[in-house]
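Each protein sequence line maps, in turn, to chains L and E.
The numbers in the numbering used here rise by one with no breaks, and the one at position 273 of the first sequence is 273.
Take any residue in the second sequence, count from 1 to its spot, add 390: that is its number in the numbering used here.
Below: the structure, in C-alpha cells.
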Amino acid sequence: MSRTSKAYIAGIYEHPTRKAVDQTIPQLHAESAIGALADAGLTMADVDGYFCAGDAPGLGGISMAEYMGLDLKYTDSTETGGSSYVIHVGHAVNAIAMGKCSVALITLAGRPRAEGVATLGARDYGSVLPELGFEAPYGPVVTNQYGMAAMRHMHQYGTTSEQLAWIKVAASHHAQHNELALLQKVVTVEDVVNSPMISDPLHRLDCCVITDGGGALVIVSPEIAKTLGDRCVKILGHGEHIKHLNAGQVDITYTGAVRSGPIAFEEANLTPGDMDYVSIYDSFTITVLETLEDLGFCEKGEGGKFVSDGNLISGVGKLPFNTDGGGLCNNHPTNRGGITKVIEAARQLRGEAHPKVQVPDCTLALAHGTGGSIATRMGSSTVIMGRNDA
Amino acid sequence: MTASTETKERNYPAPSVNLETEAYWAAANEGKLLMKKCNGCGKTHFFPRAICPHCQSNDTAWYEASGKGVIYSYSVMRRGDTPYAIAYVTVDEGITMMTNIVDCDYDALAVGQAVEVTFRQSDGDQAIPVFRPV
Ligand SMILES: [Zn+2]
C-alpha cells in the first residue's frame with residue numbers, strides 16, 4: 001500500500017530545555033530551527049517558506065526571518081494559540097501543493113518559566129476584544145474555564161474524577177522513560193484525585209506542566225522527500241475549525257475536533273480505527289477526554305470509560321497516546337503544545353520513539369492541537385500522518 | 391447593592407466598555423440586565439453586538455431581561471487569596487452568559503441550580519451583573 005502525500009515531514013526537533021535562563025526567545029526559535037533542519041539533512045539556505053505564530057517576536061515572521069537569515073517566498077503566521085503549529089502543518093502542505101514553496105520551516109519557542117510569567121492571571125489581549133467586557137470581570141483563567149468544561153461533562157455524561165485521572169496516569173507511565181520530561185514519576189489514580197484542588201473539579205495533577213523551550217518542523221515537497229530518505233513521514237490529511245460561543249448558544253462538552261477530525265479523516269480516506277498511535281493536545285485531562293470523543297475514538301459521553309484502566313498506555317491499552325509524556329508530564333513549551341504533538345507522532349512513525357513506548361509497526365498516526373479555551377473559543381487542528389511506506 | 395458581609399469577595403476588574411456596549415453597562419449601573427435582540431430574525435444573542443451574528447442585520451434592539459436563570463456549569467477557584475465561583479448561567483431569554491455566583495455556599499453549588507441576577511461594583515465604579523441562588 002502506498003498512499004499519496006502532497007508533502008512530508010522531513011525534520012523534527014524538540015528543544016531539550018525546560019527552563020531557558022540563558023537563552024533569548026529568538027535564540028530558542030533559531031536553535032529549534034537548526035535542530036529540525038539538521039534532522040532533515042537540510043540547512044537554513046534550503047528554507048523558502050516560514051510559518052510561525054504569536055510566540056515569535058515581531059510582526060508575523062518578519063523579524064525571525066531576519067534573525068535566522070531566511071530567504072523566503074512564502075510565509076504564514078496563523079495564530080490560534082497552542083494549535084497554531086498543527087494548523088501550520090496543513091497550511092504548509094497546501095502551499096507546497098500549490099508550488100508556492102518546497103521547504104517549509106515551522107518554529108515555536110518561549111520562556112515563561114525563566115521570565116516568571118504567571119498563568120493564573122486573566123490574559124490581556126487588549127481592550128478591543130469584543131467579548132472582553134463580558135468575561136474579564138468574572139476572573140476567567142485557564143484552570144477555571146477548563147474546570148467548567150469538566151464540570152458540565154460530568155453532569156451531562158457521568159464522567160468521574162477517577163476517569164479523568166487515568167489520562168494523567170497514562171501520560172506519567174510514558175514520561176518515566178523520557179529523561180527530558182519535567183515530571184518523570186509514575187502516578188496513580190489516587191495520586192491525581194488526592195492532589196490539591198485547583199478549580200473544581202480539576203486537581204493539580206489534571207493540569208499540564210509549564211515549561212520553557214520550543215520545537216520546529218520541516219515540511220518538504222515529495223520531490224525533496226525522495227532525496228532525503230525513508231525517515232520522511234507522510235502527511236495524509238488535515239482539518240481545522242474554529243469553535244466559539246455561538247452567540248450565546250453555549251455547549252462546552254465538545255471541542256472543535258468534531259469538525260477538524262472528520263475533515264482530516266476524509267482527506268486521508270481513513271477512520272479513527274485505522275490509527276496506531278495518537279498525539280492529543282493535553283493542556284488538561286478534560287481536553288484529552290473531550291477530544292478523543294470528538295475525533296470518534298469512542299461515542300460522545302463514553303470518553304471516561306474509554307480512557308480508564310490504562311487504555312491509553314503504550315503496550316497496555318488499545319490506543320497509545322502521548323508517548324513522550326505529553327503536556328501533562330513532559331513539555332508544554334510556552335503554554336503551547338501543538339508542535340510537540342506532531343513531533344512525537346513523527347517519532348512513532350519513524351520507529352524512533354523510546355523503545356519502552358514505541359508502538360510496534362506503527363504505520364498510521366494522528367496529531368491534534370487545541371488552542372485558546374475549550375470553555376470559550378478555540379482553534380482546533382487535526383493532522384493524519386503515515387509512515388514513509390504507508 | 392448588596393455586598394456580602396459573610397464572605398470576603400475578590401475585587402472585580404472593571405469591564406471594558408465600548409460604543410456597542412455602553413447601554414448595557416449604563417443599565418447595569420441602574421440594576422438592570424439588558425439583552426440584545428434582532429428585529430430582523432427575532433433572536434437574542436450574547437454578548438450584545440451592533441450586528442446580529444445570526445442574520446447580519448444591523449437592526450438590533452435592547453430589552454430588559456427577567457434576570458432569572460439556571461447554572462449551566464461552574465467552577466470554584468480554590469487557589470489564590472479569595473475563592474470565587476465562575477459560572478455559565480443560562481437565562482430565561484435563552485442565551486448562556488459567563489458570570490460569577492455570589493452570596494452562596496461554594497460547596498453547595500450545582501449544575502441546574504436556579505439563580506437570579508444581582509450586581510456588584512467593579513473597580514472604577516462600574517456595576518457588573520452577577521448571579522446568586524434563588
Ligand atoms: Zn438577526
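Even glycine gets a Cβ: it sits at the ideal position worked out from N, Cα and C.
Predicted, not measured: the structure shown is a model, and the values here were computed from it.
- About 12 Å separates the Cβ atoms of residue 345 of chain L and residue 281 of chain L, ruling out a contact at the 8 Å cut-off.
- When DSSP states are grouped into helix, strand and coil, residue 184 of chain L belongs to the coil group.
- Taking a Cβ-Cβ cut-off of 7 Å, the neighbours of residue 133 of chain L in chain E comprise 405, 406, 407, 411, given in sequence order.
- With a threshold of 8 Å between beta carbons, residue 521 of chain E makes no contact with chain L.
- Neighbours of residue 165 of chain L in chain E, taken as residues at a C-beta separation under 8 Å, are lacking, since the least C-beta distance is about 17 Å.
- Residue pairing of residue 427 of chain E in beta bridges, as defined by DSSP: E:434, E:451.
- Contact between the stretch 359-369 of chain L and the stretch 59-71 of chain L is absent, with fewer than three C-beta pairs closer than 8 Å.
- The straight-line gap separating the alpha-carbon atoms of residue 466 of chain E and residue 199 of chain L is approximately 5 Å.
- One Cα belongs to residue 373 of chain L, the other to residue 336 of chain L, and the distance between them is close to 12 Å.
- Under the DSSP assignment, residue 344 of chain L falls in the alpha helix (DSSP H) whose first and last residues are 338-350.
- Set against 7 Å, the gap from the CB of residue 29 of chain L to the closest heavy atom of ligand 1 is not smaller.
- A distance criterion of 7 Å places the beta-carbon of residue 484 of chain E beyond contact range of ligand 1, judged by its closest non-hydrogen atom.
- The Cβ atoms of residue 238 of chain L and residue 256 of chain L lie no closer than 8 Å to each other.
- Rounded to whole angstroms, the separation of the alpha carbons of residue 377 of chain L and residue 211 of chain L is 24 Å.
- Interface flag for residue 44 of chain L against chain E is unset, since no Cβ pair is found closer than 8 Å.
- Identification of residues in the stretch 134-152 of chain L having a C-beta nearer than 9 Å to some C-beta of chain E yields 134, 135, 136, 137, 138, 139, 140, 141, 143, 144, 145, 146, 147, 148, 149, 150, 151, 152, given in sequence order.
- Separation of the CB atoms of residue 201 of chain L and residue 161 of chain L is rounded to 6 Å, and the pair is thereby assigned contact status at 8 Å.
- Of the heavy atoms belonging to ligand 1, at least one sits nearer than 7 Å to the Cβ of residue 430 of chain E.
- Ranked by Cα distance from residue 425 of chain E, the options E:419, E:418, E:434 are led by E:434.
- Think of a sphere of 8 Å around the beta carbon of residue 155 of chain L: the chain E residues whose beta carbon falls inside it are 463, 501, 502, in chain order.
- If you draw a straight line from the Cα of residue 203 of chain L to the Cα of residue 224 of chain L, it is about 47 Å long.
- Among the CB atoms of chain L, one or more fall inside 8 Å of the CB of residue 512 of chain E.
- Between residue 451 of chain E and residue 427 of chain E, the C-beta gap is smaller than 8 Å, which places the two residues in contact.
- Relative to the Cα of residue 247 of chain L, the nearest Cα in the group E:398, E:468, E:440, E:401 belongs to E:440.
- Looking at the DSSP output, residue 317 of chain L shares a beta bridge with no other residue.
- At a cut-off of 8 Å, the C-beta of residue 367 of chain L has no neighbouring C-beta in chain E.
- Distance between residue 144 of chain L and residue 303 of chain L, taken at the CA atoms: about 21 Å.
- Secondary structure within the stretch 261-302 of chain L: the alpha helix (DSSP H) runs of 4 or more consecutive residues, fully enclosed, are 285-295 (chain order).
- Judged by beta-carbon spacing, residue 82 of chain L lies beyond the 8 Å limit of residue 261 of chain L, meaning their Cβ atoms are not closer than that value.
- Along the stretch 182-216 of chain L, going in chain order, the ones with a CB nearer than 8 Å to a CB of chain E are 196, 197, 198, 199, 200, 201, 202.
- When Cβ pairs closer than 8 Å are counted between the two stretches, the stretch 321-331 of chain L is seen to touch the stretch 175-189 of chain L, the count reaching three or more.
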